[in-house]
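Undergrad: Have a look at this one.
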Amino acid sequence: MNITYRKPVQDDIVKINNFVADIFNKVEPVSESIGLCRDCMLNWANSPAMRITEEAIESNLSLIAEHEGEIVGVRLISICERPKDIVEDDDISYKCCDKCSKKEDDFNRFLKMLSKVRNQVWKLTPPDVVTIAHREISGVKKEYQRKGIGKQLAEKDFSDEYLKTLGIHGIVSETTSIANQNLLKSLGFKPLTEEKYSDYNIFPTDGCKSLILNFKKL
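Quick note on UniProt numbering: the sequence shown kicks off at 1 and runs consecutively.
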């Protein structure tokens with residue numbers, strides 16, 4: 001199987017957001033357990049509050065994996081600078097379609113978990129860490145998993161040495177699944193904090209117990 005890797009450009013935004021919708025709809029264990037429809041996931045990926053794709057392209061550190069022109073994996077990375085005054089992001093709430101209305105509260109509790117751990121990044125990272133690379137989203141289509149694509153997305157053009165030359169002091173990532181948590185642990189990441197899913201009445205399909213904020217100092 002010939003998998004190619006390249007950096008995304010602005011023309012890829014629509015394709016990436018569609019891919020993200022599919023990943024969260026079919027692969028990501030929390031979203032899979034909540035069960036929003038694909039249209040809701042795509043509307044969320046395209047919402048103004050979700051500028052992740054645009055910021056990830058601007059960082060020049062993101063990566064797309066393709067097979068015969070189809071996106072089969074993505075790594076979306078943003079670059080963040082330590083603010084002078086730490087201002088917490090507001091909780092993001094999302095309005096679902098009518099048929100998903102009963103699942104809306106579940107999804108918004110998940111978003112609240114994400115906001116809570118994201119708001120602790122600068123409080124928990126060492127004060128000498130000023131610039132970080134943020135692993136926003138990383139995922140591989142289900143039928144392409146266990147082929148080494150996830151490891152390539154984690155490491156290709158993203159070595160510690162290369163990031164240091166860019167003036168980056170550390171990497172952070174929120175992990176929601178057992179697979180991603182194990183992958184980052186193998187790459188030297190350490191947990192900074194976690195939120196237990198049971199506290200939010202959320203039960204991922206893979207049996208994962210916590211959403212973890214991971215950090216690796218460079």
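C-beta atoms are modelled at their ideal positions from N, C-alpha and C, and glycine is treated no differently. Keep in mind the model is a prediction, meaning the values are calculated, not measured.
Just verifying my parser: in three-state terms, what is the DSSP assignment at L218?
TA: Three-state DSSP puts L218 in coil, outside helix and strand.
Undergrad: Out of D11, N201, V121 and Y197, which has the shortest C-alpha to C-alpha gap to E136?
TA: E136 has its Cα closest to that of V121, out of D11, N201, V121 and Y197.
Undergrad: Specify whether the stretch 17-35 and the stretch 195-209 touch according to this definition: at least 3 beta carbon pairs, one from each stretch, less than 8 Å apart.
TA: They touch, by the three-pair rule.
Undergrad: Run through DSSP, which three-state label would G150 get?
TA: Three-state DSSP puts G150 in a helix.
Undergrad: Looking only at its chain, what residues have a beta carbon closer than 7 Å to the beta carbon of S59, apart from the 5 residues adjacent to it on each side?
TA: Excluding positions up to five away in sequence, the list reads I77, S78 and I79.
Undergrad: According to DSSP, which residues form a beta bridge with K190?
TA: K190 is bridged to F215.
Undergrad: Which residue marks the beginning of the beta strand (DSSP E) containing V72, and which one marks its end?
TA: Unbroken beta strand (DSSP E) run through V72: E70 to E81.
Undergrad: Hey, is the stretch 116-130 in contact with the stretch 54-72, meaning 3+ C-beta pairs nearer than 8 Å?
TA: Touching, no.
Undergrad: Would you be able to state if there are at least three C-beta pairs under 8 Å between the stretch 98-114 and the stretch 152-161?
TA: Touching, no, given that fewer than three Cβ pairs across the two stretches are closer than 8 Å.
Undergrad: Could you please give the first and the last residue of the uninterrupted alpha helix (DSSP H) stretch that includes R135?
TA: Element bounds for R135: not the alpha helix (DSSP H) but the beta strand (DSSP E), T131 to V140.
Undergrad: At a cut of 8 Å, does the stretch 140-148 reach the stretch 183-190 through at least three beta carbon pairs?
TA: Touching, no, given that fewer than three Cβ pairs across the two stretches are closer than 8 Å.
Undergrad: Are the CB atoms of D22 and R38 nearer to each other than 9 Å?
TA: Yes, Cβ-Cβ distance for D22 and R38 is below 9 Å.
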